Amino acid sequence: MSKKLQLLLFILAFIEGGGVMCVELCSAKILSPIFGTSIYIWASVLGITLTALMSGYYLGGYLSSKQKNNSIIYWLMLVGGLLLTITPIISDTILPITINFGLATGSIISLLCFLFFPLMLFGATSPLLISYLTKDVNESGKSSGTVYAISTLGGIITTFLVGFYTLPEFGITKTLYGYGILVMAISLYLIIYTKSFKTSAAVIVLLGILSFNFQHKVSGETLYFSEGILGEVKVVDRALFSEKEGQMKTYRQLIVNNISQTIMDKDNPDKSYWDYVEILTYNINLYAAQKKTLLLGLGGGTLYKSLKKHDYAIDVVELDERIANVAKEYFHINKDLNVVVDDARHYLNVTDQKYDVIIYDLFQAETPPIHIMTQEAFNDIKDKLTPDGILVVNFYGFITGEKGKAARSVYKTLLEADYNVRLMGTSAIESERNLLFFCSNKELKANNKVLHPIIYEMDIDFKDAEVLTDDKPKLDHLYLEAAMAWRTEYNEFNTKYYLQQY
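The opening residue of the sequence shown carries number 194 in my numbering; numbering runs sequentially from there.
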């Protein structure tokens, strides 16, 4: 074997390792607008990934003992590259069907359709490469170690490249297409170099190149669309029925993974479709002595605008830079607003500022961040509050039954952190409301009339509630029932609607 061919095979191993991570990361993001980002989804992705690689390793081992023609390696990679380029087409076809299945069943079937087969083909190449590179039995250990090391290095570099650059910069479709073309290019070169070219190879490459013309397009109602490592973000104008006004009105929505994060009255940009903004603002005015505020989570900025109308001085922290840009561009937020792009807890750990009000308005689609809902996090916040300061936590509306276990655990954790807590629901129906926790180091005393119903501590059964800690961050398990309920509701409200628009 020539040195050049050996180098090309090592390059192929590098690209194969990168292909595994590229399609795995992108597949998780493909699922998120339909099935969310809960631990169920990541378990499905990892489970199918390992199953596919296991199948591929076995297939590659079997072929290495049966096939004398080493060109099988290049053909497997060539087809794997084609499958990468058409993954968005397959997902666009299968997801409108699997959305009607349960969360676990639907996600697994979807992944079997567009994740399993490219990973199986990539997995099969490693044993074949090892067999090809091994000149005698004494070199088998060295060959296998080198191939797996180079393949793993490709996976490491691609993970960082895709996660931090190509996904946020170019999106899922272009990332998969570009990497698929790269895989096919090196495979085709090896086929030509080893003189095993057939017309079918050119046909496969041509199909991959042309596949980009058949990727899904964004609906006409969409003003902005972006794919990134934190999910799919879009801004749409849509007619919805206003119960307060008894008529259809046009609302502008900020949607993350098909969960509405902000719904703003287009004719009255200071007005939210949801009443939690008004209720939260009113009750902050009841309990806050001063007005220096930290808002964790900007969204479309309707809460920010409501607070500004009451002369609050607000610092804003937002994890996703796209959200900050979208709020300014489409939701009438001042262009000169300084939004700190950072993780909420990290910001709280490094800032030396003291606040009269700290607000958690934090949801990544249907999932709240678990690391900022622990006893340690709540204790740390005390150091950032002024003596009369208040912490406000916006959470799911469920407080009873299995779906309410997460909220009961948050409440119990706040009590364990020695907060005085007052809990309000924005309406009586749990599935349609938000829970607002108002917390302080001192007794909460309203300076005006309390208008909204309080959910009293004595009326809540805390027997199964758990104290959330950094060591046991169980919240992602506890909120699964509530998250799935939200996801199911929004699949009916948003996802199915927009799937029909493509």
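Even glycine gets a Cβ: it sits at the ideal position worked out from N, Cα and C.
Model, not experiment: these values are computed from the prediction.
Tell me the rounded alpha-carbon separation between residue i and residue j.
i, j, result
"residue 226", "residue 403", "26 Å"
"residue 420", "residue 548", "34 Å"
"residue 309", "residue 294", "19 Å"
"residue 244", "residue 317", "12 Å"
"residue 297", "residue 258", "37 Å"
"residue 600", "residue 571", "15 Å"
"residue 617", "residue 350", "47 Å"
"residue 405", "residue 223", "16 Å"
"residue 209", "residue 251", "16 Å"
"residue 585", "residue 400", "54 Å"
"residue 663", "residue 543", "18 Å"
"residue 396", "residue 339", "33 Å"
"residue 206", "residue 341", "8 Å"
"residue 636", "residue 680", "36 Å"
"residue 414", "residue 432", "10 Å"
"residue 282", "residue 362", "20 Å"
"residue 242", "residue 236", "10 Å"
"residue 445", "residue 398", "42 Å"
"residue 430", "residue 326", "58 Å"
"residue 682", "residue 545", "41 Å"
Grab me the residues of residue i's own chain with a C-beta within less than 6 Å of its C-beta, minus the 5 sequence neighbours each way, in chain order.
i, result
"residue 482", "581"
"residue 454", "447, 492"
"residue 425", "226, 450"
"residue 221", "238"
"residue 324", "257"
"residue 280", "307, 369"
"residue 633", "583, 613"
"residue 198", "none"
"residue 462", "525"
Keeping to the same chain, check which residues put their C-beta closer than 8 Å to that of residue i; ignore five residues upstream and five downstream.
i, result
"residue 368", "215, 219, 355, 359, 360"
"residue 201", "379, 382, 383, 386"
"residue 265", "256, 321"
"residue 596", "589, 623, 674, 675, 678"
"residue 655", "601, 604, 605"
"residue 484", "503, 504, 505, 506, 549, 550"
"residue 262", "389"
"residue 247", "316"
"residue 287", "302, 303, 306, 307"
"residue 560", "229, 230, 231, 669, 672, 676"
Quick one, are the C-beta atoms of residue i and residue j less than 8 Å apart?
i, j, result
"residue 267", "residue 384", "yes"
"residue 337", "residue 234", "no"
"residue 588", "residue 628", "yes"
"residue 456", "residue 469", "no"
"residue 583", "residue 480", "yes"
"residue 377", "residue 275", "yes"
"residue 314", "residue 269", "yes"
"residue 530", "residue 509", "yes"
"residue 489", "residue 423", "no"
"residue 212", "residue 273", "yes"
"residue 713", "residue 464", "Not covered by the structure: residue 713. The range shown for the chain is 194 to 695."
"residue 312", "residue 249", "yes"
"residue 345", "residue 558", "no"
"residue 472", "residue 645", "yes"
"residue 592", "residue 526", "no"
"residue 474", "residue 435", "no"
"residue 537", "residue 598", "no"
"residue 394", "residue 277", "no"
Sorted by chain position, which residues of the same chain lie with C-beta nearer than 7 Å to residue i's C-beta, five sequence neighbours on each side aside?
i, result
"residue 541", "573, 574, 577"
"residue 501", "507"
"residue 292", "227, 299, 684, 688, 689"
"residue 417", "427, 428, 519, 523"
"residue 666", "563, 564, 567"
"residue 660", "568, 605, 606, 609"
"residue 532", "491, 509, 511, 517"
"residue 253", "316, 317, 318, 319, 320, 321"
"residue 495", "455, 457, 465, 470"
Using DSSP's beta-bridge definition, name the partner residues of residue i.
i, result
"residue 609", "DSSP lists no partner for residue 609."
"residue 442", "433"
"residue 473", "According to DSSP, residue 473 bridges with nothing at all."
"residue 648", "616"
"residue 216", "None, per the DSSP bridge assignment."
"residue 366", "In DSSP, residue 366 forms no bridge with anything."
"residue 510", "489, 533"
May I ask you to check if the CB of residue i is nearer than 7 Å to at least one heavy atom of the ligand GDP?
i, result
"residue 465", "The ligand GDP is absent from the structure shown, which contains no ligands of any kind."
Identify every run of the alpha helix (DSSP H) within the segment 263 to 315, keeping only runs that are complete inside it and at least 4 residues long; order them along the chain. 265 to 291, 296 to 307
What beta strand (DSSP E) runs, 3 residues minimum, are completely inside the segment 523 to 597? 532 to 534, 548 to 553, 578 to 589
Unbroken stretches of the beta strand (DSSP E), 3 residues or longer, contained in the segment 368 to 436: 415 to 421, 424 to 435
Quick check on the DSSP output: what are the complete beta strand (DSSP E) runs of length 3 or more inside the segment 600 to 645, in order along the chain? 613 to 618, 627 to 633
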